[in-house]
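Peer 1: Each residue of the sequence shown is one higher than the last, beginning at 718 in the numbering used here.
Here a beta-carbon is modelled for each residue, glycine too, at the ideal position from N, C-alpha and C.
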Amino acid sequence: MNNIQKILKNLSLALVLGATGTVVALAPLNIFRPTDRFLIPPVCPGKNFQFTVGYEHALCVRAFQDTEDCFGRVRRRSHEGPVNPLQLWQNSQNLHAALRTVTLNEAAGEHDLAQLFNDNEGFNCAGEFKPYGLFKVKTNLMFAARWHYNYGLSFGLFLPYYQMELSNVSFVEEESEVSFEEAMGKKLTTLARERGNLSLNGWKRQGIGDLVAQGTWKLDHPQAKPFLRCVSTQLRFGLSMPTGLKQDEDKILAFPFGNDGSWGLQIAGGLDLLFAHRLRGGLDAEFLYLFGNTRDRRIRAGNGQTDLLFFNKNCAFKEYGLGQQYNLYVEAFDLLGGLSVKLNYQYLKRNEDKLYVRNDGIDSVGLVNNAQSLQNWTAHSFIVGLNYNFCRPCAQWPIEPYVSFWYKHGFNGKNALLANTVGASLTVNF
718 MNNIQKILKN
728 LSLALVLGAT
738 GTVVALAPLN
748 IFRPTDRFLI
758 PPVCPGKNFQ
768 FTVGYEHALC
778 VRAFQDTEDC
788 FGRVRRRSHE
798 GPVNPLQLWQ
808 NSQNLHAALR
818 TVTLNEAAGE
828 HDLAQLFNDN
838 EGFNCAGEFK
848 PYGLFKVKTN
858 LMFAARWHYN
868 YGLSFGLFLP
878 YYQMELSNVS
888 FVEEESEVSF
898 EEAMGKKLTT
908 LARERGNLSL
918 NGWKRQGIGD
928 LVAQGTWKLD
938 HPQAKPFLRC
948 VSTQLRFGLS
958 MPTGLKQDED
968 KILAFPFGND
978 GSWGLQIAGG
988 LDLLFAHRLR
998 GGLDAEFLYL
1008 FGNTRDRRIR
1018 AGNGQTDLLF
1028 FNKNCAFKEY
1038 GLGQQYNLYV
1048 EAFDLLGGLS
1058 VKLNYQYLKR
1068 NEDKLYVRND
1078 GIDSVGLVNN
1088 AQSLQNWTAH
1098 SFIVGLNYNF
1108 CRPCAQWPIE
1118 PYVSFWYKHG
1128 FNGKNALLAN
1138 TVGASLTVNF
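#1: Going by DSSP in three states, residue 815 sits in which element: helix, strand or coil?
#2: From the DSSP output, which residues share a beta bridge with residue 1016?
#3: Is DSSP giving residue 804 helix, strand or coil here?
#4: Is residue 773 helix, strand or coil by DSSP?
#5: Could you give the DSSP three-state label for residue 919: helix, strand or coil?
#6: To which residues of the same chain is residue 825 closer than 6 Å at the C-beta, ignoring the five residues directly before and after it?
#7: Can you tell me where the beta strand (DSSP E) holding residue 867 begins and where it ends?
#8: Can you give the Cα-Cα distance for residue 713 and residue 994, rounded to whole angstroms?
#9: Measuring alpha carbon to alpha carbon, tell me which of 779, 942, 1082, 954 ends up nearest residue 871.
#10: Rounded to a whole number of angstroms, what is the C-alpha to C-alpha distance between residue 1135 and residue 780?
#11: Please identify the residue among 857, 879, 935, 852 whose C-alpha is closest to the C-alpha of residue 867.
#12: Is it the case that the region 1043 to 1057 contacts the region 1019 to 1028, given that we only count it when at least three CB pairs across the two stretches are under 8 Å?
#13: Measuring alpha carbon to alpha carbon, tell me which residue in 888, 1127, 1071, 877 is nearest residue 809.
#14: I'd like to know whether the C-beta atoms of residue 976 and residue 1013 end up nearer to each other than 8 Å.
#15: Is the region 1122 to 1134 close to the region 1092 to 1101, with three or more CB pairs under 8 Å?
#16: When you compare the CB positions of residue 1039 and residue 811, do they come within less than 8 Å of one another, or not?
#17: Please identify the residue among 769, 750, 749 whose C-alpha is closest to the C-alpha of residue 758.
#18: Pick from 1120, 1142, 1108: whose alpha carbon is nearest that of residue 764?
#19: So what does residue 1035 bridge to, in DSSP terms?
#20: Do residue 908 and residue 850 count as a contact pair if the criterion is CB distance below 8 Å?
#21: Can you name the start and end residues of the beta strand (DSSP E) that residue 994 belongs to?
#22: How would you call residue 762, buried or exposed, if buried means at least 16 neighbouring beta carbons within 10 angstroms?
#23: Would residue 1120 pass as a contact of residue 1060 if the rule is Cβ separation under 8 Å?
#24: Does the distance between the C-beta of residue 758 and the nearest non-hydrogen atom of the ligand FMN fall short of 7 Å?
#25: What number of angstroms, rounded off, separates the C-alpha of residue 1127 from the C-alpha of residue 805?
#26: Leaving out five residues on either side along the sequence, give the residues of the same chain with a beta carbon under 6 Å from the beta carbon of residue 881.
#27: Return helix, strand or coil for residue 1089, following the three-state DSSP convention.
#28: For residue 756, count neighbouring Cβ atoms within 10 angstroms of its own Cβ and tell me buried if that reaches 16, exposed if not.
#29: Would you mind working out which of 875, 982, 766 sits nearest residue 864, comparing C-alpha positions?
#30: Going by other Cβ atoms of all chains shown within 10 Å of its Cβ, with 16 needed for buried, is residue 939 buried or exposed?
#31: With 16 as the cutoff for other CB atoms within 10 Å, does residue 1057 come out buried or exposed?
#32: DSSP has residue 1094 in a bridge; who is on the other side?
#33: Classify residue 1114: buried if its beta carbon has 16 or more other beta carbons within 10 angstroms, exposed otherwise.
#34: Between the beta-carbon of residue 1034 and the beta-carbon of residue 998, is there less than 8 Å?
#35: Could you tell me the alpha carbon to alpha carbon distance between residue 1070 and residue 1036, rounded to whole angstroms?
#36: Tell me whether residue 913 sits in a helix, a strand or coil according to DSSP, three-state version.
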């Protein structure tokens, strides 16, 4: 049995080092990350190593636009509820404005615009098209390995593996309600590719995220009170390493699977309260600071441009906004043996990003950074978890498992994709 345990430990370490995990990914999406506090199992007494495999699948993904007040109420330009994922930043896309940015000094280009929008009956001259598509998170596979030491210290390595897809993409001309392919045919898709090197079709992407190494220090403070039994505090410090799949600038809505090539520092803390009558609760806050990086990016280069149709690429330094995650939970445990039920509210936020373009002829402040996709985003989710802990202090089994099942419901947000997901995880304690 000792040999088997050593093999499993070495295998899990190899898996973690060979792949990645992330804290709060750049994608404005509310799926779980391996380091999320909700997924961290309790420490099993007498064991010093845990290995966790988690799986999450999105049942549906919706977009929440516009502004939100401090109470989470959303005010929208023209919608009272969630919209299609491709309408995340705008209800419609202005193709005319996009083409203008790459044809300002080309007589032939101006002729193409006139031919497209003015000389063809049935098209509105503004070139406004409403996009539709299905955004799918088919697989969110999460791995975690944690080593526990004395004095409440632990060290962990975390990784996810994603499979995502954008399908059934269409653009409908707002006045005529004629679909993209029917109205414009191959000429328009050819223009988008030739002038902007941008694919307006669907895609399938799979790969790993960003490796996270995290240290934790937890202290228990027993309380001699009839209702409050113990107060626990913890601090977490993490390093996010840029090993994940980067954003594909030449596809629409092809988000990065990590922090888009940036290193990151994580600081987090939590407070847990153990009450009488098999009840506990707590709160947790996590912050992620990302170091900026420079590479070619799609930018807003003209007035009236919409965010799915940026035809211009420029070398730009990106200054990332602060990533934040807050959790508030209550849990009833040891209901039937090791059974527990957990209710969790999660709030995600990322402050606005900024681009600094290395081109004196482009206004980074007044034009580029007004892009809606660079603005701050938020996501509110409610999570119900059902767990069973097989660990017992007197059992002394060589391997003791911990299993979890959950349902996550994304119910509100701003500039974000919110998914309703189901998932499960298995933890083995050695």
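Peer 2: In brief:
#1: helix
#2: 1029
#3: helix
#4: strand
#5: coil
#6: Interpretation of residue 825 is limited by its pLDDT of 45, a score under 50 that renders its predicted location unreliable; no figure is taken from the coordinates.
#7: That residue, residue 867, is in no beta strand (DSSP E); it is neither H nor E in DSSP.
#8: Residue 713 is absent from the model: the chain starts at 718 and stops at 1147.
#9: 954
#10: So the two alpha carbons sit approximately 6 Å from each other.
#11: Checked all of 857, 879, 935, 852; the closest Cα to residue 867 is 935.
#12: no
#13: 888
#14: no
#15: yes
#16: no
#17: Taking only the C-alpha atoms, the option nearest residue 758 is 769.
#18: Residue 764 has its Cα closest to that of 1108, out of 1120, 1142, 1108.
#19: 1010, 1072
#20: no
#21: Counting along the chain, residue 994 falls outside any beta strand (DSSP E), and DSSP gives it neither H nor E.
#22: exposed
#23: no
#24: Looking for the ligand FMN in the displayed structure turns up nothing, as the structure carries no ligands at all.
#25: 15 Å
#26: 854, 922
#27: helix
#28: buried
#29: 766
#30: Exposed.
#31: buried
#32: 1067
#33: exposed
#34: no
#35: 6 Å
#36: helix
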